[in-house]
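Structure first, commentary second.
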Amino acid sequence: MAPGTIGKKEEPVDPCSEMGLRQADSDWKKTVENIREIFDFIEVLGSGASSEVFKVKEKSTGKFFAMKCVIKKNRNTTLENEIAVLKRIKHNNIVALEDFYETQSHYYLVMQLVSGGELFDRLLDRGMFSEKDASMVIRQVLEGVHYLHQNSIVHRDLKPENLLYYSQDDNSKIMISDFGLSKIEDNGIMSTTCGTPGYVAPEVLARKPYSKAVDCWSIGVITYILLCGYPPFYEENETRLFSKIMKAQYEFDSPFWDDISDSAKDFVQNMMQKDPELRYTTEKALRHPWILGKNVRNMNLIRSISVHIQKKTQTNSLARTMHSGFWRDTLFSISHRKITVE
Numbered sequence: 001m002a003p004g005t006i007g008k009k010e011e012p013v014d015p016c017s018e019m020g021l022r023q024a025d026s027d028w029k030k031t032v033e034n035i036r037e038i039f040d041f042i043e044v045l046g047s048g049a050s051s052e053v054f055k056v057k058e059k060s061t062g063k064f065f066a067m068k069c070v071i072k073k074n075r076n077t078t079l080e081n082e083i084a085v086l087k088r089i090k091h092n093n094i095v096a097l098e099d100f101y102e103t104q105s106h107y108y109l110v111m112q113l114v115s116g117g118e119l120f121d122r123l124l125d126r127g128m129f130s131e132k133d134a135s136m137v138i139r140q141v142l143e144g145v146h147y148l149h150q151n152s153i154v155h156r157d158l159k160p161e162n163l164l165y166y167s168q169d170d171n172s173k174i175m176i177s178d179f180g181l182s183k184i185e186d187n188g189i190m191s192t193t194c195g196t197p198g199y200v201a202p203e204v205l206a207r208k209p210y211s212k213a214v215d216c217w218s219i220g221v222i223t224y225i226l227l228c229g230y231p232p233f234y235e236e237n238e239t240r241l242f243s244k245i246m247k248a249q250y251e252f253d254s255p256f257w258d259d260i261s262d263s264a265k266d267f268v269q270n271m272m273q274k275d276p277e278l279r280y281t282t283e284k285a286l287r288h289p290w291i292l293g294k295n296v297r298n299m300n301l302i303r304s305i306s307v308h309i310q311k312k313t314q315t316n317s318l319a320r321t322m323h324s325g326f327w328r329d330t331l332f333s334i335s336h337r338k339i340t341v342e
């Protein structure tokens, strides 16, 4: 996708800018000489090109956290967004930023420790997953995103990998993570092309001005996948993929959707409306009968989903058979590559 902007240019200075980060620093940041004097580093949880995430234990309290360590010279707008956004929010379904430290060479984001694993991986491990379960999961996501929207924050990158279980408990809550592409709204209209293609709304790909309605589209896509096991849009060719998304060209394929309730389909259709003005808001979505647990079917979908995927591999090389990491593999690489075009 060629560099460019969508519609009106976003305001150049906002809480996610370098100026915003400096202001956040002055209020929040703790400067230390050696972070290991405060925390014991237990294990590596993940690593990337510019940062590493560790499980740490705070020496003074014995509490465990996840710590993101970023080399200062590698600081980018993703980090700035995370700090600026996470500083101002606190919700039961959002991974919290607990503290922010600085040494001469690094920034350290002390995050709430979430240990339950990614949404889709965990669901398969359970062996039982019904429409009722899907409704309960999506309700929690909606509650978190509704809170964000009430606070003028748009996530802009909602996808399964960013939905985590808080713990290994069977009744663990869902947590929303990764605010690197999030945006604090100024006038309610945004223009930066960003997100993950398989989950991004039509108006973003069409490079039109957009609003917080893009998050509701993404929730619709996630719901679709939860109920059938494959994405609503799948193409090896990125141009064809984008074309399908911009036309909202998806179907409730038989036999994959035969056992799914009309109420669930109605919810997906309202969340994945091509016209953002007609698309459900989080407030309206939370009042939908399917989200309220009405007219939901309690049939176990795990077996049917795996059978559907296996059938699909006979006619579609993009689908994958069921195995460890099945859900991630089903959502092919094109769908998961982040895009950001200023």
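Mapping to UniProt numbering: the sequence shown position 9 is 9, numbers consecutive.
Using N, Cα and C, we set each Cβ at its ideal position, and we do this for glycine too.
Judged by their CB atoms, Leu123 and Val141 are not nearer to each other than the 8 Å cut-off. Counting only residues of its own chain and dropping the five nearest sequence neighbours on each side, Phe242 has a CB closer than 6 Å to the CB of Leu205. Here Tyr230 carries a coil assignment [DSSP, helix/strand/coil]. For the 8 Å CB-CB criterion, Ala134 and Thr223 form a contact. Only residues of its own chain outside the window of five on either side were considered, and among them Val53, Phe54, Lys55 and Ala66 have a CB closer than 8 Å to the CB of Leu45, listed in chain order. Under the three-state reduction of DSSP, Gly46 is assigned to strand. Just measuring C-alpha positions, the residue of Ala213, Ile176, Asn298 and Phe267 sitting nearest Asn92 is Ile176. Inclusion of Phe267 and Cys228 in the CB contact set at 8 Å is not warranted, their separation being larger than that value.
With 16 or more other Cβ atoms from the protein chains shown falling within 10 Å of its own Cβ, Ile291 counts as buried.
Within the region 163-237, the complete beta strand (DSSP E) runs of at least 3 residues fall at 163-165, 174-176 and 193-195. Shortest Cα-Cα distance from Tyr101 to any of Val70, Arg88 and Val85 involves Val70. Distance from the CA of Arg279 to the CA of Thr31, rounded to the nearest whole angstrom, comes to 45 Å. Annotation: Phe233 to Gly62 spans about 46 Å, alpha carbon to alpha carbon.
Annotation for Lys57: the continuous beta strand (DSSP E) segment containing it runs Ser51 to Glu58.
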